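Asker: Okay, handing you the structure first.
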Amino acid sequence: MNLHWPSVRGRARADAGPLTLSAVVVAVVAVLAGSVPVLLRSTADEAVRQAVSVAGDDADVKVEARWEYDDGSSGGRVRSPRSTEALDELRDRSLDQLGSLRDSLLPPIEFTDSPYLKLLNNTEPRSFRLNYLAGATGPAVTWLSGGAPKPAAEQPDVEAPWNGPPWPVQVGVSEKTATRLGLRAGDRLTIEDEQRNPKDVRVSGVFRATDPADPAWQVAPWLLDPAPGMDGAGNTRYGGLLSAESLPDARLAFGLDEISKTVRFRPDPAVLTLDTAEQLAATVVALKASSGSSASRGYASQWATQLDAVLHDVRDEIDAAQAQASVLLAAVSVVAVLILLLAADLLVARRSAALAVARQRGASLIALGAELLLESVLVTAGAAALGVLLAALVAGGVAWGWLLPVCLAAVLAGPAFGLVVAYRATRDRRVPANRSARKWAGRTAALRRLTGEATVLAAAVTAVTVLHQRGVLPSAGGTVLLPAAAPALGVLTGALVLLRVLPALTGLRLRQALRSTRPLAVFGAARAAYVAARALPVLALVSAAGLATFALTVSTTVDRGLTDGAWRTVGADARLDLSPRKASATDEMVRKLVGAAGVRHVVAAQVIDVAPLVVGDASRPSRLVVVDSAAYRTLLADTPLTALPPLPAGSGAVPALVRSGDGKVGVGSQLKLPRDGAPPVSFDAVGVAPAIGGGEDVVLVDAAAMTAAGVTVVPNTIWVTGPGAAQAAKAAAGDALVEIRTDVERARRDAPLVTGLIRLAWASAGTLLALGLLGFALGAAAGAPERWQTLSRLRTLGLRTREARRVATAELLPLALLAAAGGPLLGAGLAWLTLGPLALRLLTGQPDDPALILPWAGLALIVLAFPVMVTLVVPAEAATRRRRRLSEVLRVGGA
Amino acid sequence: MILSVRGLHRTFGAGPAAVHALRDITFDIEPGTMVALVGRSGSGKTTLLNVIGGLDRPDAGTVHIDGNDVTALDEDGLSQLRRDTVSYIFQTFGLIPVLSAAENVGAPLRLVRTPAADREKRVRLLLDLVGLSDHAEQRPGELSGGQQQRVAIARALAASPRLLIADEPTGQLDAETGRSVMALLRGVVESEGVTALVSTHDPVMMALADRVIRISDGQIVA
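Quick note, the sequences are listed as chains A and B, same order. Residues 1 to 895 in full-length UniProt numbering are what the first sequence spells out, letter by letter. Residues 1 to 222 in full-length UniProt numbering are what the second sequence spells out, letter by letter.
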């Protein structure tokens, strides 16, 4: 096989334009498809780090062991001065068991915690803990007054009698704690445990943390800053710091196992990745299963962590984001392949004569194929290398999966189309003269096309079915590829349908034009009808427009879903959660809020998250909301949340609005709320409740009706709306927990996965639209010689130059209008069909699938872009041909 | 005179590579005659026809058709000339594929806004003239090469031109079909009173022509 090098070089020079366009498509797709999976992976790692950071204690790996028995020979308990050494031994043993995974963890922190203690002589509920902390570097403190806790007894291993007075123990308190509780060095706390046993806890000194950011303080932050809400709403936790010397006294002050003996490992955010986090969680689960089996009391350790649960939630989000990214990448890949086929079509249209001549002069198909393949491999390899290099620079790595189909199309399309043209130019097969033979050949071709279309349709139906049945998450089993391709296959199927429709429409238009007296309409419609059967431009343009619409719809749906999710989580512009014990102050707080600037509505309610409601004989725990329904209705009307339906009086029972996740409790249901020492309260379901706080099972009743039924209503929640709601809620909060809607939305919007997905959706939409417009230009360029040949012939009949441009516009416009109208319709339809299973709710924080939001501005852009392209392409083509005389055009065209 | 050509010069390219396609061509043609333009490939036949028909412009010289100086017309003037006075017949027919034979023949009449009834009547007449009355609704793809060229001739006659220019009209046809097309051309010249200037290699065509103009290296030799 001899390659004809001058031909190879000559073809490449002559067709540098189309070859460059193909290379640009490959390079752009290589950048996108090569970098996105890598970026998504690093985003997943970032999401894991953020989730672990937000989870705080829950993500810590905790190893707990019991203290050795401390029974004394005289029947008392012996003080253990080597308590910290027991903690050191537990730390070292745990590090050994973790092996190499310890590199993913921060240095361990030895930690002991006392039981809940209640501070007396305070009107406000306050709790107190005694804690010992020892990390890698401390935590170091500066004593502002007094000094470090000292041992309570001079003899280190003194034996304390059973049933003696409370064993004294010294603690240091932070300056904030000292200020808030009014403590000084030497003071004794008035304190008791939950069984009301008094404890002898004395303040040795007041300290200030040398480094408040020391990781050890994060294990017990209340030691520095009193922590509201940690022991229940409205309760503030305070802490006292034990020293190595006072820890043995703390053990004697409480029961043997009441003081914990713990080593805590916090995942290191600097090195934690999704992989290492999952390995760590799996290791801890294995250690959990095998721990606690030692016969030795002090040696048996219990491993615990909620890291696996934290990872489970974030893993779902990562899987969802990866699957959603796969959907977008599949869309870009499919359209890129179609555009590359169009580019190859243009290339071959320009080369058909040269290829036919080469074949007639004796070039073998193998040699021609090798020449074309060599050219396409060089172009594709160069473009892919450039794209991959850029992807590596952007993302720090390259993913190859999505690149392969695009590169394969770029390599094979040109040579394959070229060989077909070369083969047809010299084959000894002619159109049969016999009409029935021609019909038979036509039917064979139609059957071949129908088979191809049926294959695409079957693949699309299968993909959509799998997507609906299993969802897009890989955790549901199976491959993610098929469901991820569902939108792309769906749009492709729709494009095939439109491909069938277009000739019918242009034929209809031609028939109408023939009945008119406008010659240009006839010629334009005739040209449009002639080119309507060209498959590639229709498939490429409709798919590009449809999938760009789909990508934009994903973006706007997530965007609006985040806003809606925040509204539904908070229920207003701000929400305050109060302690029931502070209900007496609720009215005062409401009054303050009502009077605050920028506050429009304030509504207080009693919300019981898990009320023990009964339906029939079955227990049905639900969120019970007791609220002034009229005021709440007015407040909801000030929000985008669902309006509150009316609450008409029922048949003696308290009228209630109900919401049931499984649909088993509806209007007409009878519910009961059992009460201690009183008959249950009956509810009559008269309407559907809104999803308050994202709850699936909600029962809402009017506060006045509940009071009339003999139930005391104690509000624990306040919803506030208005532009000044957030500021007012923060100012009035005190010890109440405040949740601000805009803060919730901002936090979710700034989450790495959400940010990444929205950016990818925008990038995909832009790329798809650009590919679509490029496809339009390529399709127009491929048909230009024949179009202007015909127009030149019409000009010999007297058609004027400007009229020729209008005929060319009329030829190109139907395809542009089909893409502009059909693409967005298909994209929106596919979004409606597939967005639910894409699990966008995992990113938006909504309790159920987000409502489809159409990107109207983006749709307008897509709808306008293709017709605008016609107005650009036709003058450009006309200008190119204006330089050539009519005789030249007709001669070149063979006329 | 229906056609008067004076001192036509047309050169392609410049410098040593310049090709002098036409050199000082001068001739006249009487109305209602059929003139054969004969010469070898590359002799300048097509260039001469293009310049006469206004598809190309000469470097020097004039072309008058029915008293109008074609070389002085602008694009709109040339378009009007093609609508009213000059028609073309090409070797490759140049029909619009999705239109039927009748619709193709009626295309020039649409351009001059002929009323539908008159247009249909004229189309029927011309199809009958070229012997394709039974194929009026067939599309070009469903017709043979000879039939397509007959449709092209009918289309060229549709707007009743004064001058018919045909560039190798039988070039794509077999000999027998070519002869029948030439006979048809001869017939329509007589029946429609049109003047025809036809380039050809075909001796039969030369025999059918009222006059033969021989051209060689861009010059008239006989």
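Built from N, CA and C at the ideal position, the CB exists for glycine as well. Computed from a predicted model, the values in this text were never measured in an experiment.
For chain B, find out if any of its Cβ atoms is closer than 7 Å to the Cβ of residue 349 of chain A; answer yes or no.
Answerer: Along the first sequence, read from residue 1 onward, the residue named residue 349 of chain A stands at position 349. By this cut-off, residue 349 of chain A is not an interface position.
Asker: Keeping to the same chain, check which residues put their C-beta closer than 6 Å to that of residue 171 of chain B; ignore five residues upstream and five downstream.
Answerer: For the purposes of this step, residue 171 of chain B is taken as residue 171 along the second sequence, with counting starting at 1. For residue 171 of chain B, where only same-chain residues beyond five positions count, the Cβ hits under 6 Å are 91.
Asker: Is there a Cβ from chain B that is less than 7 Å from the Cβ of residue 887 of chain A?
Answerer: For the purposes of this step, residue 887 of chain A is identified with residue 887 of the first sequence, where counting begins at 1. It does: the Cβ of residue 887 of chain A has a partner Cβ on chain B nearer than 7 Å.
Asker: Based on the DSSP output, what are the partners of residue 803 of chain A in its beta bridges?
Answerer: The sequence position of residue 803 of chain A within the first sequence is 803, counting from 1. Its beta-bridge partners do not exist; DSSP assigns none.
Asker: Per the contact definition of three or more C-beta pairs closer than 8 Å, is the segment 381-397 of chain A in contact with the segment 315-332 of chain A?
Answerer: Segments in contact, no.
Asker: The beta strand (DSSP E) spanning residue 170 of chain A covers which residue range?
Answerer: Mapped onto the first sequence, residue 170 of chain A falls at position 170. Its beta strand (DSSP E) spans residues 169-174.
Asker: According to the Cβ coordinates, are residue 35 of chain A and residue 395 of chain A closer than 7 Å?
Answerer: Here residue 35 of chain A refers to the residue found at position 35 of the first sequence. Here residue 395 of chain A refers to the residue found at position 395 of the first sequence. Going by C-beta atoms, residue 35 of chain A is nearer than 7 Å to residue 395 of chain A.
Asker: Can you tell me where the alpha helix (DSSP H) with residue 340 of chain A in it begins and where it stops?
Answerer: As a working mapping, residue 340 of chain A is identified with position 340 in the first sequence. Where residue 340 of chain A is concerned, the enclosing alpha helix (DSSP H) stretches over 307-360.
Asker: Does residue 442 of chain A come within less than 7 Å of chain B when only Cβ atoms are used?
Answerer: Looking up residue 442 of chain A in the first sequence gives position 442. Chain B, which has no Cβ nearer than 7 Å to the Cβ of residue 442 of chain A, makes this no.
Asker: So, for residue 411 of chain A: in the same chain, excluding its five sequence neighbours on each side, which residues have a beta-carbon less than 6 Å away from its beta-carbon?
Answerer: The residue you call residue 411 of chain A lines up with position 411 of the first sequence. Within the same chain, residue 411 of chain A has close Cβ partners 376, 377 and 380.
Asker: Using only alpha-carbon positions, find the residue among A:450, A:466, A:468 and A:364 that is nearest to residue 422 of chain A.
Answerer: The count along the first sequence starts at 1 and reaches residue 422 of chain A at position 422. Out of A:450, A:466, A:468 and A:364, A:364 has the C-alpha closest to the C-alpha of residue 422 of chain A.
Asker: Out of A:535, A:418 and A:503, point me to the one whose CA is closest to residue 370 of chain A's CA.
Answerer: The count along the first sequence starts at 1 and reaches residue 370 of chain A at position 370. When only C-alpha atoms are compared, the closest one is A:418.
Asker: Can you give the Cα-Cα distance for residue 199 of chain B and residue 185 of chain B, rounded to whole angstroms?
Answerer: Numbered from 1 along the second sequence, position 199 holds the residue referred to as residue 199 of chain B. Numbered from 1 along the second sequence, position 185 holds the residue referred to as residue 185 of chain B. Distance between the alpha carbons of residue 199 of chain B and residue 185 of chain B is about 12 Å.
Asker: Among the candidates A:242, A:14, A:238 and A:725, whose CA atom is the shortest distance from the CA of residue 597 of chain A?
Answerer: Counting from one through the first sequence, the residue named residue 597 of chain A turns up at place 597. Answer by Cα proximity: A:725.
Asker: Taking DSSP as the reference, what is the three-state secondary structure of residue 550 of chain A?
Answerer: As a first step, residue 550 of chain A is located in the first sequence; it is residue number 550 there, counting from the start. In the structure shown, residue 550 of chain A sits in a helix (DSSP, three-state: H, G or I).
Asker: Is residue 741 of chain A near residue 845 of chain A, with beta carbons less than 7 Å apart?
Answerer: Here the question's residue 741 of chain A lines up with position 741 in the first sequence. Here the question's residue 845 of chain A lines up with position 845 in the first sequence. Contact: no.
Asker: Does DSSP classify residue 477 of chain A as helix, strand or coil?
Answerer: One-based indexing of the first sequence puts residue 477 of chain A at position 477. The pLDDT assigned to residue 477 of chain A is 48, lower than 50, so where the model puts this residue is not dependable; a value taken from the coordinates is nonetheless given after this. Three-state result, residue 477 of chain A: coil.
Asker: Check whether chain B comes within 7 Å of residue 797 of chain A, counting only Cβ atoms and requiring the distance to be less than that.
Answerer: In the first sequence, counting from the first residue as 1, residue 797 of chain A sits at position 797. Interface residue, yes.
Asker: Taking the CB atoms as reference points, tell me whether residue 901 of chain A and residue 52 of chain A lie closer together than 7 Å.
Answerer: Missing from the structure shown is residue 901 of chain A; chain A here goes from 1 to 895 and no further.
Asker: From residue 128 of chain A to residue 624 of chain A, what distance separates their C-alpha atoms?
Answerer: As a working note, residue 128 of chain A is residue 128 in the first sequence. As a working note, residue 624 of chain A is residue 624 in the first sequence. Each residue's alpha carbon lies about 32 Å from the other.
Asker: Look up residue 575 of chain A in the DSSP assignment and give the residues it is bridged to.
Answerer: By 1-based counting over the first sequence, the position of residue 575 of chain A is 575. DSSP output for residue 575 of chain A lists A:719 and A:739 as bridge partner(s).
Asker: Under 7 Å between beta-carbons, which chain B residues line up against residue 510 of chain A? List them in chain order, please.
Answerer: By 1-based counting over the first sequence, the position of residue 510 of chain A is 510. Per Cβ cutoff of 7 Å: 98.
Asker: Can you tell me the Cα-Cα spacing of residue 874 of chain A and residue 810 of chain A, whole angstroms?
Answerer: What you label residue 874 of chain A is simply residue 874 of the first sequence in a count that begins at 1. What you label residue 810 of chain A is simply residue 810 of the first sequence in a count that begins at 1. Cα to Cα, residue 874 of chain A sits roughly 10 Å from residue 810 of chain A.
Asker: Assign residue 718 of chain A to one of two classes, buried (16 or more other C-beta atoms within 10 Å of its C-beta) or exposed (fewer than that).
Answerer: For the purposes of this step, residue 718 of chain A is taken as the residue at position 718 of the first sequence. Buried.
Asker: If you draw a straight line from the C-alpha of residue 246 of chain A to the C-alpha of residue 149 of chain A, how long is it?
Answerer: In the first sequence, counting from the first residue as 1, residue 246 of chain A sits at position 246. In the first sequence, counting from the first residue as 1, residue 149 of chain A sits at position 149. Answer to the nearest angstrom: the Cα atoms are 6 Å apart.
Asker: Looking at C-alpha atoms only, which residue of A:146, A:611, A:202 and A:770 is the closest neighbour of residue 674 of chain A?
Answerer: The count along the first sequence starts at 1 and reaches residue 674 of chain A at position 674. Closest by alpha carbon: A:611.
Asker: Could you check whether residue 622 of chain A and residue 697 of chain A sit closer than 7 Å to each other, using their CB atoms as the reference points?
Answerer: Position 697 of the first sequence, counted from the start, is the residue given in the question as residue 697 of chain A. Position 622 of the first sequence, counted from the start, is the residue given in the question as residue 622 of chain A. Cβ atoms of residue 697 of chain A and residue 622 of chain A: closer than 7 Å.
Asker: From which residue to which residue does the alpha helix (DSSP H) around residue 209 of chain A run?
Answerer: Against the first sequence, residue 209 of chain A aligns to sequence position 209. Per DSSP, residue 209 of chain A belongs to no alpha helix (DSSP H); it is in the beta strand (DSSP E), 201-209.
Asker: What did DSSP end up calling residue 853 of chain A once you bin it into helix, strand or coil?
Answerer: Numbered from 1 along the first sequence, position 853 holds the residue referred to as residue 853 of chain A. Coil, per DSSP.
Asker: Which term fits residue 195 of chain A, buried or exposed, when burial requires 16 or more other beta carbons within 10 angstroms of its beta carbon?
Answerer: The residue labelled residue 195 of chain A in the question sits at position 195 within the first sequence. Exposed, because fewer than 16 other Cβ atoms sit within 10 Å of the Cβ of residue 195 of chain A.
Asker: Closer than 8 Å by C-beta to residue 871 of chain A: which residues in its own chain qualify, once you throw out the five before and the five after it? Chain order, please.
Answerer: For the purposes of this step, residue 871 of chain A is taken as residue 871 along the first sequence, with counting starting at 1. Excluding sequence neighbours, residue 871 of chain A sits near 809.
Asker: Counting only C-beta atoms, is residue 805 of chain A closer than 7 Å to chain B at any point?
Answerer: Within the first sequence, the letter at position 805 stands for residue 805 of chain A. Not an interface residue.
Asker: Just list the residues that DSSP pairs residue 658 of chain A with in beta bridges.
Answerer: Your numbering for residue 658 of chain A matches position 658 in the first sequence. DSSP lists A:688 and A:699 as partners of residue 658 of chain A.
Asker: Residue ranges of each alpha helix (DSSP H) run of no fewer than 4 residues wholly in the segment 435-498 of chain A, ordered along the chain?
Answerer: Listed in chain order, the complete alpha helix (DSSP H) runs (minimum 4 residues) inside the segment 435-498 of chain A are 435-470 and 481-484.
Asker: Taking residue 897 of chain A as the reference, give the member of A:32, A:19, A:307 and A:209 with the closest Cα.
Answerer: Outside the modelled stretch of chain A, which goes from 1 to 895, sits residue 897 of chain A, for which no answer is possible.
Asker: Compare the C-beta of residue 61 of chain B with all C-beta atoms of chain A and state if any pair is closer than 7 Å.
Answerer: Here residue 61 of chain B refers to the residue found at position 61 when the second sequence is read from its first residue. Chain A, which has no Cβ nearer than 7 Å to the Cβ of residue 61 of chain B, makes this no.
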